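Structure, as structure tokens:
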Amino acid sequence: MKQPAILNLESVTKQFSPTSYPAVTNVSFTLEEGELLGLLGPSGCGKTTLLRIIAGFEQPASGTICIAGKQVAGALSWLPPEKRNTGMVFQDYALFPHLSIGENIAFGLKRKKERLSQKQIKERVAEVLILVGLGGLEKRYPHQLSGGQQQRVALARALAPQPALMLLDEPLSNLDVQVRERLRHEVRSILKAARTSAIFVTHDQEEALAISDKIGVMREGNLEQLGTPEEIYTKPATRFVAEFVTQANFIPAKRQGKLWETEIGVWEINQHNSLNSGELMLRQEDIILKPDERAKIIVRERHFLGREYRYCLETASGKKLHARVGAGNNIPVGTRVQLSVTPELLQVF
1 MKQPAILNLE
11 SVTKQFSPTS
21 YPAVTNVSFT
31 LEEGELLGLL
41 GPSGCGKTTL
51 LRIIAGFEQP
61 ASGTICIAGK
71 QVAGALSWLP
81 PEKRNTGMVF
91 QDYALFPHLS
101 IGENIAFGLK
111 RKKERLSQKQ
121 IKERVAEVLI
131 LVGLGGLEKR
141 YPHQLSGGQQ
151 QRVALARALA
161 PQPALMLLDE
171 PLSNLDVQVR
181 ERLRHEVRSI
191 LKAARTSAIF
201 VTHDQEEALA
211 ISDKIGVMRE
221 GNLEQLGTPE
231 EIYTKPATRF
241 VAEFVTQANF
251 IPAKRQGKLW
261 ETEIGVWEIN
271 QHNSLNSGEL
281 MLRQEDIILK
291 PDERAKIIVR
301 ERHFLGREYR
311 YCLETASGKK
321 LHARVGAGNN
331 IPVGTRVQLS
341 VTPELLQVF
């Protein structure tokens, strides 16, 4: 018999006042055991509100929520946060400064329904500290740890009671770039090792792509698209998803039979739609540049980013496009270039 999904949302809507726009509109999705879901979107899109609704800090206006097969929110039911079997990791860590690391982690264990002995608590604290790579640091205090270490303690504290679902609200946003890049891989490894399902909120596209099994892209309270990182990146469902996730270029295009014509070229695109005009999406990394004195596209700016160059291009009409190419392809500013791209990588919106 198949186990119930860890999380199931059906038509969840949240409106803070009768005169305001809904913060979350008719959101439905399912999260299976062991899956990691990233809620991605710009500020104010409703992703944190949705996380708070799942956690029980906000009550939806309509819809139902089930965690591990048990309904926790609906027309006739409502469970408070402490009864939902979830763990929460906040943006600011929320560690108790007057408690040691071991005491911080033990805090949640002492609040469990099933009473644990002091020995069991000590063993579980040691176990999760090893899981997050901080074994032996239980006697230190939060101020004695780095930001990255404090965030791992917060993760350990949430994992210690073995919740059915972990909820993480912008967990890495307060960290330096290098620490954040390292820790996002560690967070994924820790959650996978613990076999814990999780939802984390982020506005960072790379972070969502690196950590998630699934990504839900949100816009103005709506779940714009839900899919694997590969699906979201290579087959965006809407122009918003394409622009926000891939930071692609868009250029006006018109259909002529099987071909799509633009000011920078003509392509046959294998995409089924009823559009006769639209915008052609060109991902920056899919563009190939070749110097050509007869070309109408000019390199206006060049930025060295270590592994690659980012070029700002200007078309004959004055439209700006951006391209990313390997560091070995050094094209001087002012050079005229031909632009090409594989037709299979193109989409029209």
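Going by the UniProt record's numbering, the sequence shown opens with residue 1, and the numbers climb by one from there. For every residue, glycine included, the Cβ atom is placed at its ideal position computed from N, Cα and C. Because the structure is a prediction, the values reported are computed rather than measured.
- [ ] Determine, using beta-carbon pairs with one atom in the region 145-158 and one in the region 81-90, whether at least three such pairs fall under 8 Å.
- [x] yes
TODO: Classify GLY334 as helix, strand or coil using the three-state DSSP reduction.
DONE: coil
Open item on the list: To the nearest angstrom, how far is the alpha carbon of PRO22 from that of GLN284?
Closed with: 34 Å
TODO: Measure how close the beta-carbons of ILE105 and VAL128 come, nearest whole angstrom, since I'm counting them as under 8 Å.
DONE: 6 Å
Open item on the list: Mapping the DSSP letters down to three states, classify PRO42 as helix, strand or coil.
Closed with: coil
- [ ] Take the Cβ of ASN249 as the centre, count every other Cβ of all protein chains shown within 10 Å, and call the residue buried at 16 or more, exposed below.
- [x] buried
Open item on the list: I believe ARG300 touches ARG310 by the beta-carbon criterion, under 8 Å. Please report the beta-carbon distance rounded to the nearest angstrom.
Closed with: With 8 Å as the limit, ARG300 and ARG310 do not qualify as a contact, their Cβ atoms being about 12 Å apart.
Task: Continuous alpha helix (DSSP H) assignments of at least 4 residues falling wholly in the region 167-217 - done: 177-193, 205-211
Task: Validate contact between the region 118-127 and the region 186-203 using beta carbons, cut 8 Å, 3 pairs - done: no
- [ ] Say whether the region 252-259 touches the region 223-241, bearing in mind that this needs 3 or more beta-carbon pairs closer than 8 Å, one atom from each stretch.
- [x] no
Task: LEU259 classed as buried or exposed, judged by whether at least 16 other C-beta atoms fall within 10 angstroms - done: exposed
- [ ] Counting only the same chain and skipping the five closest in sequence on each side, list residues whose C-beta sits under 8 Å from that of ALA193.
- [x] LEU131
Task: Residue range of the alpha helix (DSSP H) that includes ASN104 - done: 101-109
Task: Three-pair Cβ contact test at 8 Å for the region 285-294 versus the region 333-340 - done: yes
Task: Reference ILE53, options LEU280, PRO81, ALA75, closest by Cα - done: PRO81
Open item on the list: Along the chain, where does the beta strand (DSSP E) containing THR86 start, and where does it finish?
Closed with: 86-89
Open item on the list: Taking the beta strand (DSSP E) that residue 420 belongs to, which residues open and close that run?
Closed with: Outside the displayed range of the chain (1 to 349) lies residue 420, so it cannot be described from this structure.
Open item on the list: Just list the residues that DSSP pairs PRO252 with in beta bridges.
Closed with: GLU279
- [ ] Would you check if the region 7-26 and the region 167-175 touch, i.e. whether three or more CB-CB distances between them fall below 8 Å?
- [x] no
Open item on the list: Suppose you measure from the CA of THR335 to the CA of CYS312; what does that come to, to the nearest Å?
Closed with: 11 Å
TODO: Go ahead and pull the three-state DSSP assignment for TYR233.
DONE: helix
Open item on the list: Please report the distance separating the alpha-carbon of GLN59 from that of TRP267.
Closed with: 50 Å
- [ ] Just tell me which of ALA126, GLU32, THR13, LEU40 has its CA closest to the CA of GLU206.
- [x] LEU40
Open item on the list: In this structure, how does DSSP classify ILE130 when only helix, strand and coil are distinguished?
Closed with: helix
Open item on the list: Please state the DSSP three-state secondary structure of THR246.
Closed with: helix
- [ ] Specify the secondary structure class of ALA154 as computed by DSSP and reduced to three states.
- [x] helix
- [ ] Would you please state the rounded distance, in angstroms, between the beta carbons of residue 350 and GLU314? I believe it to be under 8 Å.
- [x] There is no way to answer for residue 350, as the model of the chain reaches only from 1 to 349.
- [ ] Return helix, strand or coil for GLU10, following the three-state DSSP convention.
- [x] strand
TODO: Can you say whether PHE16 is buried or exposed, counting buried as having 16 or more other CB atoms within 10 angstroms of its CB?
DONE: exposed
- [ ] Go through its chain and collect everything with a Cβ distance to residue 360's Cβ below 7 Å, but skip five positions before and after it.
- [x] Because the chain here runs from 1 to 349, residue 360 falls outside it and cannot be looked at.
- [ ] May I ask you to report which of helix, strand or coil DSSP gives GLY34?
- [x] coil
TODO: Please classify GLY326: does DSSP put it in a helix, a strand, or coil?
DONE: strand
Task: For ARG124 and GLY102, the rounded distance between their alpha carbons - done: 10 Å
TODO: Decide if GLY46 is buried, meaning its Cβ has at least 16 other Cβ atoms within 10 Å, or exposed.
DONE: buried
Task: PRO60 in three-state terms, based on DSSP - done: coil
Task: Same chain only: Cβ atoms within 8 Å of GLY257, ignoring 5 sequence neighbours per side - done: none
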